[in-house]
Structures are given as structure tokens and as C-alpha cells.
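Below, the structure written as C-alpha cells:
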């Protein structure tokens, strides 16, 4: 019995320990096209009244050694119509550096189904960046905030 318990304990200690990260997978790439949902508003109450939100697109280079280039940040509305392009030329992001785009609470052009398309590339395979939007709103002492992660829709850049 004691031997069985010792073997079980040894087996448990030999298992890999999951860390505090959001994901145990490391995603490597030389570039991607990423779809990021953004909510200009959410609906609340029995009459489905829109609750206006400010949104921040966050792009974080997670690679500790390499730069990446953001080649496009485009903002689309609920119907898929391009509203704004936030870059004229590629922007380089240093290792562990971040950048953002802010959509004000009063800017409701995007609507409930707004989104960003972000394109990035690197000269070699690197850790993929974290690309997400953060929404926040506060009215009459009541607040709401949440994060919406980006989703890779194309590996590489076209």
C-alpha cells in the first residue's frame, strides 16, 4: 500500500505543472491577419437600450528578442463597411512593446458588430503578438468592462 502511494505521488510530481498563463501553447508565426471584435455598444434592460462603450485595440509584441511590423489596422462597421484605416505605412514594434488604437465612447459608427482587421509580419518566425480589444463604459455609477480576443483568420500576410 505504501509503495503504491509513493508511486502515485512520484507520478503526480513528474507531471508538467501548468503555469499562470492564459494558454499553455506558444504560437509561432512570421505574420498573420487577425480579426478583432469590437463593441461600440451592448444592449441592456427590458427595452434593449444601447449602452455606449469606449474601446481600445491593444497590440502587444510578446517576443522577447524580435521586432514585428504592423502593416494594417482597419476598422469596419457592423455591415462590414470599412470606416477607417489607422495606418499609412508599416509601424515597427520593438520586443515586448505595445501599441493601441482608441475608439471614444461617443463614436457609435461601428455599431454592435464592429471589428478591426490587423495585419502583422516579421522577418523570421517569432511569438505571435497578443491582439485584443478592451471595452469599457460607465454611466450613472454603473460600469461595464470586458476583453475580446483577436482570432487569426489567415496565416501569413496577403
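Numbering (mature numbering (1 follows the signal peptide of the UniProt record, and there is no 0)), first residue to last: -22 to -1, 1 to 136.
Here a beta-carbon is modelled for each residue, glycine too, at the ideal position from N, C-alpha and C.
Relative to the C-alpha of residue i, which candidate in the options has its C-alpha closest?
i, options, result
"residue 85", "107, 61 and 3", "61"
"residue 56", "17, 131 and 102", "17"
"residue 77", "92, 36, 108 and 105", "36"
"residue 54", "4, 25 and 64", "64"
"residue 15", "134, 127 and 133", "127"
Would you call residue i buried or exposed, if buried means 16 or more other Cβ atoms sit within 10 Å of its Cβ?
i, result
"residue 96", "buried"
"residue 131", "exposed"
"residue 117", "exposed"
"residue -19", "Model confidence at residue -19 stands at a pLDDT of 47, short of 50, so the residue's coordinates are unreliable; what they give is reported in the following sentence. Answer is exposed; the Cβ neighbour count stays below 16."
"residue -16", "Residue placement at residue -16 is flagged as unreliable, the pLDDT there being 41, under the threshold of 50; the coordinate-derived value follows with that caveat. With fewer than 16 Cβ atoms within 10 Å of its Cβ, residue -16 is classed as exposed."
"residue 133", "exposed"
"residue -9", "Confidence at residue -9 is low in this model, with a pLDDT of 49, below 50, so its placement is unreliable and no value can be given for it."
"residue 92", "buried"
"residue 106", "buried"
If you follow the beta strand (DSSP E) that residue i is part of, which residue opens it and which one closes it?
i, result
"residue 88", "Segment: none, residue 88 is in no beta strand (DSSP E) and carries neither H nor E."
"residue 133", "129 to 133"
"residue 137", "Because the chain here runs from -22 to 136, residue 137 falls outside it and cannot be looked at."
Inter-stretch contact (C-beta, 8 Å, three-pair minimum) for the stretch 29 to 47 and the stretch 102 to 113: Output reads yes: the stretch 102 to 113 touches the stretch 29 to 47.
Cβ pair count under 8 Å reaching 3, the stretch 8 to 16 against the stretch 96 to 106: Because the criterion of three Cβ pairs below 8 Å is met, the stretch 8 to 16 and the stretch 96 to 106 touch.
Cβ pair count under 8 Å reaching 3, the stretch 117 to 126 against the stretch 67 to 74: Contact fails between the stretch 117 to 126 and the stretch 67 to 74, because fewer than three Cβ pairs, one in each stretch, are under 8 Å apart.
Whole beta strand (DSSP E) elements within the stretch 57 to 124, 3-residue minimum: Runs of the beta strand (DSSP E) inside the stretch 57 to 124: 60 to 63, 69 to 71, 76 to 81, 93 to 105 and 108 to 117.
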